[in-house]
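S.K.: Sending over a structure as structure tokens; questions will come in a sec.
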Amino acid sequence: MEEEIQEEREYNRLEWLLYIIVIPALFASLLAGILASLLGYDVVGSVKDWLNNIPYVEKLIPDDTPTSQTVEGSKEDSKTEAKKAQVNEEAAKSKQAADQLQKEVSQKDSTIASLQKQIANLQKATEEKRIEEEERQKQFQDLAKIYSTMSAKNAAAIVSNLSKEEAVVVLSKMKTDQQAQLLAKMDPKKAADISILLKDNQISKDDDIAALQQRVQILTKALSETRESSKIDAEKLMKSFESMNAGDASKILISLYKINSERALSVLGQVSDNKRGEFLSEISKTNPELAARLTNALPR
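For the sequence shown, counting from 1, position 283 maps to 283 in UniProt numbering; every step adds exactly one.
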């Protein structure tokens, strides 16, 4: 019994040191650290700093430098990634802008090419028109020369059957005295109208403009309206052609066909069969293709 009491006394001293001093001190320190952490103090950092100041103990405490470097490295990596993302985004925007500019340039190039093609076509059409009108004016000039060699009566009968605009163009190619002779043999009303047009110069003296005006008039007037305005019936016109020799008549018909094909065919259809044969025979000597075309176009 005494031995048990002795052992109890010895253990009580150790227990007293452990339970009364050490454990409460540790518990109090732990509680204080938790409270300090809750209040915003860096308890762990402070303890590490305090232990690092104790000789030999500092070697057992891990250094915070690698951790700081790691944090700094992570921050740098984040900044680098952010910069890369920004650079990539700017590069994508630049590429998109470049693609848009390239598209606009391509569209403008296409528009320019289209305009150049249109200009080339217009230039070609203008040149063709100029050549065509020069040829038409030459035909009017040739027709005026033929009328000049004819008697004023026969020439007036044919010119009277033309539209006013056609008559003015033909007369404008003739000399003044020849114009007077033709007008004197024409219907007074139509002669007066043509004289006014010649006097007032309503038909342009410029050959190209005159040809354009003549073409517009030819396209916009029907043959029946021309016949009504001429006041020369088909029988009188037919007699005028039948009174000519075949050579002169064929030349007039060739020129007339180039200006107004319907009128030339109408004349050929109204003359007698013998005269028609003579006219076509003379035409075939200089222009067999036209003679064949006229023959095929005549009513059966």
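Virtual Cβ for every residue (Gly too), placed ideally from N, Cα, C.
#1: Taking the runs of the alpha helix (DSSP H) that are 4 residues or longer, which of them lie wholly in the stretch 17-55?
#2: To the nearest angstrom, how far is the alpha carbon of SER281 from that of ALA291?
#3: Could you have a look at PRO188 and say whether DSSP puts it in helix, strand or coil?
#4: If you drop the 5 nearest sequence neighbours on each side, which residues of the same chain put their C-beta closer than 8 Å to that of ASP248?
#5: Is DSSP giving VAL271 helix, strand or coil here?
#6: ARG130: buried (16+ other C-beta within 10 angstroms of its C-beta) or exposed?
#7: With H, G and I counted as helix, E and B as strand and the rest as coil, what does DSSP make of ASN154?
#8: To the nearest angstrom, how far is the alpha carbon of ALA297 from that of SER250?
#9: Less than 8 Å between the beta carbons of GLN181 and ILE259, yes or no?
#10: Indicate whether ILE194 and LYS164 have their beta-carbon atoms separated by less than 8 Å.
#11: I'd like to know whether the C-beta atoms of MET255 and LEU143 end up nearer to each other than 8 Å.
#12: Name the two residues that bound the continuous alpha helix (DSSP H) containing LEU162.
#13: Using three-state DSSP, classify SER281 as helix, strand or coil.
#14: Specify, as a first and last residue, the run of the alpha helix (DSSP H) that SER255 falls within.
#15: In three-state DSSP terms, what is MET174?
M.R.: The relevant details are as follows:
#1: 23-38 and 43-52
#2: 8 Å
#3: helix
#4: ILE146, THR149 and MET150
#5: coil
#6: exposed
#7: helix
#8: 16 Å
#9: no
#10: yes
#11: Looking at the sequence itself, residue 255 is Ser, so the reference to Met does not match. Yes, these two residues count as a Cβ contact at 8 Å.
#12: That residue, LEU162, is in no alpha helix (DSSP H); it is neither H nor E in DSSP.
#13: helix
#14: 246-259
#15: coil
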